[in-house]
Amino acid sequence: MAEFVLVAGAWLGAWAWDAVAPELRAAGHGVHPVTLSGLAERRGVPAGQQTHVRDIVDEIERRDLRDVVLVGHSYSGIPAGQAAERIGDRLRRVVFLDSNVPHDGESFVSVWPPFGERVRAAITANDGFWPPLAAEDYAGQGLTDEQIQRIVADSTPHPGATLTEPATLARPLGELPATYVKCLLDGDEPTPDVAALLKSDRWRLVEMDTGHWPMFSQPSELARILLDAADA
Numbered sequence: 001m002a003e004f005v006l007v008a009g010a011w012l013g014a015w016a017w018d019a020v021a022p023e024l025r026a027a028g029h030g031v032h033p034v035t036l037s038g039l040a041e042r043r044g045v046p047a048g049q050q051t052h053v054r055d056i057v058d059e060i061e062r063r064d065l066r067d068v069v070l071v072g073h074s075y076s077g078i079p080a081g082q083a084a085e086r087i088g089d090r091l092r093r094v095v096f097l098d099s100n101v102p103h104d105g106e107s108f109v110s111v112w113p114p115f116g117e118r119v120r121a122a123i124t125a126n127d128g129f130w131p132p133l134a135a136e137d138y139a140g141q142g143l144t145d146e147q148i149q150r151i152v153a154d155s156t157p158h159p160g161a162t163l164t165e166p167a168t169l170a171r172p173l174g175e176l177p178a179t180y181v182k183c184l185l186d187g188d189e190p191t192p193d194v195a196a197l198l199k200s201d202r203w204r205l206v207e208m209d210t211g212h213w214p215m216f217s218q219p220s221e222l223a224r225i226l227l228d229a230a231d232a
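Note that the sequence shown covers residues 1 to 232 in full-length UniProt numbering.
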């Protein structure tokens, strides 16, 4: 039995996994969706990037989880990648779900300067938070109108410090056992930093013919991919 620890990306909480978690549990595994500090039901809790790393590590250690499949979606690939390193032999595999990956000494906004500058400006203009996307921003991502409405309604502003603080890695990320899930409607190939990591014999690539939020658009297919990753 694996223990799935599921961490959704910016603006989202544990609720984002509502359609995926039951299928993993039905296959006999433990499932632990995590809401990071400052988001959803934890809105108002101060958070920097290392807070989010500790949120994940604390969840795993508090529950004494072993054989952990740690899933980080979008932004949350950055804290999940650091947490995967820190939990040592508790980790079975880390899954980066169409996500950013951590770079030692770099932040979410520093790795891709033009995009990062826009995010930093949005944080400054919104009292230290990255505002959620509007409904029209989800067009072309394989989502129904109802799915978009739910995401927009339940999203919360994302704590800006988590995006501007640097990651800390003790060893190369390519040494971790990892699966990278690329969602093709959000770009048909991995970013150059991910492509470099995929050269490691410990990493594998899986593609999904959907958009950046597959836990909503294709939850059953995503559950199958996660179950396969647990057995990789």
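From the three backbone atoms N, C-alpha and C, an ideal C-beta is built for every residue, glycine too.
query, result
"Below 7 Å between beta carbons: does that hold for residue 13 and residue 47?", "no"
"Spell out the partners DSSP gives residue 182 in its beta bridges.", "207"
"Can you tell me whether residue 93 is buried or exposed? The criterion is at least 16 other CB atoms within 10 Å of its CB, across all chains shown.", "buried"
"With distance defined between alpha-carbon atoms, name the residue in 144, 52, 37 and 173 nearest to residue 202.", "173"
"Identify, in the order they occur along the chain, each residue of the same chain with its Cβ nearer than 6 Å to the Cβ of residue 36, setting aside the five sequence neighbours on each side.", "52 and 55"
"Excluding five sequence neighbours on each side, which residues of the same chain lie with their C-beta closer than 7 Å to the C-beta of residue 148?", "135 and 138"
"Going by C-alpha to C-alpha distance, which of 49, 212, 176 and 218 sits closest to residue 164?", "49"
"In three-state DSSP terms, what is residue 128?", "coil"
"Let me check understanding here. Comparing Cα to Cα, which of 131, 114, 166 and 118 lies closest to residue 81?", "166"
"Short of 8 Å in beta carbon distance, which residues of its chain neighbour residue 216, apart from the five on each side in sequence? Order them along the chain.", "16, 19, 143, 147, 150 and 151"
"Can the beta-carbon of residue 7 be found less than 7 Å from the beta-carbon of residue 72?", "yes"
"In this structure, what does DSSP give as the bridge partners for residue 97?", "73 and 181"
"For residue 167, which of helix, strand or coil comes out of DSSP?", "strand"
"Are the beta-carbon atoms belonging to residue 38 and residue 159 less than 7 Å from one another?", "yes"
"Between the Cα of residue 129 and the Cα atoms of 96, 168, 43 and 177, which residue gives the shortest distance?", "43"
"At the level of alpha carbons, what is the spacing between residue 191 and residue 114?", "15 Å"
"Does the beta-carbon distance from residue 34 to residue 24 come in below 7 Å?", "no"
"Less than 7 Å between C-beta atoms, sequence neighbours within five positions excluded: which residues of the same chain meet that for residue 239?", "Beyond the ends of the chain as shown, which are 1 and 232, falls residue 239; an answer cannot be given."
"I think residue 181 touches residue 95, with their Cβ atoms under 8 Å apart; what is that distance to the nearest whole Å?", "6 Å"
"Among 219, 75 and 85, which has the Cα closest to the Cα of residue 168?", "85"
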